[in-house]
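Enquirer: Throughout the sequence shown, residue numbering follows the UniProt record's numbering, covering 1 to 344 in sequence.
Here it is, the structure in full.
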Amino acid sequence: MTVSVPEITKPNHRFLFKPVENCETEGCHMDVWLPDGAKEVSADSKVPLAIMIHGGAFTMGASSDVPDNQVRHYLKNGMAVVSLEYRMVPHVTQVEIRDDLMDAYHFIQQKLNSRLAEELGIERDVVDTQRIILFGGSAGGTSVLCLAGDIEKYNSENAEALPQVKAILCAYPLTDPDNHFAQPKQAWAEKTSKMFPDDWELIKDFPTKGKVCTGYNFPVGRWDTCKDPRFLFARTAMATQTLNSFLYGCDAPYPPSASALNLITPTYPPTYVLAAMADELIPKEHSLLLYDKLQEHGVESHIVKVDGAGHGYVERPPTDWPAGTDYWKDAIREAVDWAVAKVK
């Protein structure tokens, strides 16, 4: 028996927050969902915000992989939601991706309310940019950890500080890059040409040629037939365990700043870890290491170990969950409600 879900909730607004040259679109966008009655929000009752960073540092777009059950839950709790695009591997590195996410955070702090006011035809702020939570899964999980760390770093180096987020929800992140997907770049060509000879002819020049992508829709259900170069690169980079060497722009060992674990300090935001105990893509040990590091620094932190859950269970709709499971009721909602309470 599977659980049915309503039609995916569509965003109310879409903004370009960062123009990018040589891009398949004009650059990085953010999709924005607003709760009912947002236009009537008074100046002293602005709505808090949930920022979502999608997974797949090489395959997704802003609203193409947003967990709809979360979006609807935030909206019902009177919160706004933002989902971010960022540039994708292999044409950029993690450093540039983190720059994109910091640029998005600056846009949210400095321009989001004015853009919303313009489109809504009002003269007041809607979103309370002091009350923000972050959610991300997989590469998005790693990204929300890095974004919070980068905000801390920015505030330590600048007189005018950015508001730090109030809480983080992090699902199955990659936190120990030297021990997963850590084969050298050279191995990608050597192994792909042998393992996937037909695909190799389509993608052998892909890492060095082509336009930057910020919003590729992953071809769910077409694993064996899709011949899009971006999808083929993603599949072969994972199969050859070389993804991180493209992502970090060098072969292992990667610089210490590449690991989100090294960004955690005693002042890090409260964090809730969603661990997929049957994850075959990113081993559960990455989530367990994260929780241990948070505890080591005395950060308010929680973890839920979801037995039987595979990679992507938080982002995929309930119709994709194994029969007889309800991860939303058993694990996800408790974590989401914990984060909502931090800004309500």
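Quick reminder that beta carbons are idealized off the backbone N, C-alpha and C, glycines included.
Based on the DSSP secondary-structure assignment, which residues constitute the bridge partners of F15?
Expert: Taking the sequence shown and counting its residues from 1, the one referred to as residue 15 is at position 15. Its beta-bridge partners are M30.
Enquirer: If you draw a straight line from the C-alpha of P256 to the C-alpha of Y154, how long is it?
Expert: In the sequence shown, counting from the first residue as 1, residue 256 sits at position 256. In the sequence shown, counting from the first residue as 1, residue 154 sits at position 154. Between the alpha carbons of P256 and Y154 lies a distance of about 18 Å.
Enquirer: Using only the alpha-carbon positions, how far apart do V3 and P318 sit?
Expert: Translated into the one-based positions of the sequence shown, residue 3 becomes position 3. Translated into the one-based positions of the sequence shown, residue 318 becomes position 318. Annotation note: pLDDT 30 at V3 (below 50); position unreliable, coordinate value reported separately. Going from the Cα of V3 to the Cα of P318 covers about 6 Å.
Enquirer: What does the alpha-carbon distance come out to for the pair G324 and H286?
Expert: In the sequence shown, counting from the first residue as 1, residue 324 sits at position 324. In the sequence shown, counting from the first residue as 1, residue 286 sits at position 286. G324 and H286: Cα-Cα distance of roughly 27 Å.
Enquirer: Quick check for students: name the residue ranges of the alpha helix (DSSP H) that lie wholly in the segment 102-149, counting only runs of 4 or more.
Expert: 112-120
Enquirer: Assign M52 to one of three DSSP states: helix, strand, or coil.
Expert: As a position in the sequence shown, residue 52 is number 52, starting the count at 1. Reduced to three states, the DSSP call for M52 is strand.
Enquirer: Just to check, is the beta-carbon of A187 closer than 7 Å to a non-hydrogen atom of the ligand SAH?
Expert: The ligand content of the structure shown is nil, which means the ligand SAH is not present either.
Enquirer: Name the residue from R131, D330 and T93 whose alpha carbon lies nearest to the alpha carbon of L243.
Expert: Counting from 1 along the sequence shown, the entry for residue 243 is found at position 243. Checking every option, the nearest Cα to that of L243 belongs to T93.
Enquirer: Specify, as a first and last residue, the run of the alpha helix (DSSP H) that residue 348 falls within.
Expert: Nothing can be reported for residue 348: it is not among the residues displayed for the chain, which extend from 1 to 344.
Enquirer: Classify P67: buried if its beta carbon has 16 or more other beta carbons within 10 angstroms, exposed otherwise.
Expert: Here the question's residue 67 lines up with position 67 in the sequence shown. With 16 or more other CB atoms across the displayed protein chains lying within 10 angstroms of its CB, P67 is buried.
Enquirer: Between P19 and the rest of its own chain, which residues show a CB-CB distance below 7 Å, the 5 nearest in sequence each way excluded?
Expert: Start at 1 with the first residue of the sequence shown, and residue 19 comes out as number 19. Result list for P19: E26 and G27, in chain order.
Enquirer: Counting Cβ pairs, one atom from each stretch, are 3 or more of them under 8 Å apart for the segment 234-252 and the segment 303-313?
Expert: no
Enquirer: Return the chain-ordered list of same chain residues with a C-beta closer than 7 Å to the C-beta of S193, the five sequence neighbours on each side being excluded.
Expert: Mapped onto the sequence shown, residue 193 falls at position 193. W200.
Enquirer: By DSSP's criteria, L274 is part of a beta bridge. Which residues make up the other side?
Expert: Position 274 of the sequence shown, counting from 1, holds the residue named residue 274. A171 and V304, per the DSSP bridge assignment.
Enquirer: Okay, do the segment 194-213 and the segment 287-299 touch, 3+ Cβ pairs below 8 Å being the bar?
Expert: no
Enquirer: If I203 and T236 are in contact, beta carbons under 8 Å, what's the gap, nearest whole angstrom?
Expert: Within the sequence shown, numbered from 1, the residue matching residue 203 stands at position 203. Within the sequence shown, numbered from 1, the residue matching residue 236 stands at position 236. The beta-carbon distance between I203 and T236, rounded to whole angstroms, is 7 Å. This is short enough to meet the 8 Å contact definition.
Enquirer: Would you call A335 buried or exposed, if buried means 16 or more other Cβ atoms sit within 10 Å of its Cβ?
Expert: Along the sequence shown, read from residue 1 onward, the residue named residue 335 stands at position 335. A335 comes out buried.
Enquirer: What's the call for N69, buried or exposed, on a 16-neighbour Cβ count within 10 Å?
Expert: Residue mapping note: residue 69 aligns to position 69 of the sequence shown, counting from 1. So N69 counts as buried.
Enquirer: Please list, in chain order, all residues of the same chain as L134 whose beta carbon is under 6 Å from its beta carbon, the five residues on each side excluded.
Expert: By one-based count along the sequence shown, residue 134 stands at place 134. I51, V144, V165 and I168, listed in sequence order.
Enquirer: If you drop the 5 nearest sequence neighbours on each side, which residues of the same chain put their C-beta closer than 8 Å to that of Q109?
Expert: Against the sequence shown, residue 109 aligns to sequence position 109. Excluding residues within five positions, the ones whose Cβ falls inside 8 Å are T129, L162 and P163.
Enquirer: Just the Cα atoms here: how many angstroms apart are L147 and L263?
Expert: Numbered from 1 along the sequence shown, position 147 holds the residue referred to as residue 147. Numbered from 1 along the sequence shown, position 263 holds the residue referred to as residue 263. Just so you know, the alpha carbons of L147 and L263 end up roughly 10 Å apart.
Enquirer: Output the distance between the C-alpha atoms of G149 and D330, rounded to the nearest integer angstrom.
Expert: For the purposes of this step, residue 149 is taken as residue 149 along the sequence shown, with counting starting at 1. For the purposes of this step, residue 330 is taken as residue 330 along the sequence shown, with counting starting at 1. Each residue's alpha carbon lies about 30 Å from the other.
Enquirer: In this structure, does DSSP put V95 in helix, strand or coil?
Expert: The count along the sequence shown starts at 1 and reaches residue 95 at position 95. Reduced to three states, the DSSP call for V95 is helix.
Enquirer: Could you pull the start and end residues of the alpha helix (DSSP H) that A252 belongs to?
Expert: Walking along the sequence shown from the start, residue 252 turns up at place 252. Per DSSP, A252 belongs to no alpha helix (DSSP H) and is neither H nor E.
Enquirer: Are the CB atoms of V273 and L290 nearer to each other than 8 Å?
Expert: Locating residue 273 in the sequence shown gives position 273, where the first residue counts as 1. Locating residue 290 in the sequence shown gives position 290, where the first residue counts as 1. The answer is yes: Cβ separation under 8 Å.
Enquirer: Give the straight-line distance between the Cα atoms of P177 and D31, rounded to the nearest whole angstrom.
Expert: Stepping through the sequence shown from its first residue, residue 177 is reached at position 177. Stepping through the sequence shown from its first residue, residue 31 is reached at position 31. One C-alpha to the other measures close to 29 Å.
Enquirer: Where does L84 fall in DSSP's three states?
Expert: Position 84 of the sequence shown, counted from the start, is the residue given in the question as residue 84. Three-state DSSP puts L84 in a strand.
Enquirer: Could you round the C-beta distance between V212 and R98 to whole angstroms and report it? I think they count as a contact, below 8 Å.
Expert: As a working mapping, residue 212 is identified with position 212 in the sequence shown. As a working mapping, residue 98 is identified with position 98 in the sequence shown. Not a contact, Cβ separation roughly 15 Å.
Enquirer: So what's V66 in DSSP terms, helix, strand or just coil?
Expert: To locate residue 66, count along the sequence shown from 1; it is residue 66. The answer is coil: DSSP assigns V66 none of H, G, I, E or B.
Enquirer: For A43, which of K10, V71 and V126 has the nearest alpha-carbon?
Expert: In the sequence shown, counting from the first residue as 1, residue 43 sits at position 43. The candidate whose alpha carbon is nearest that of A43 is V126.
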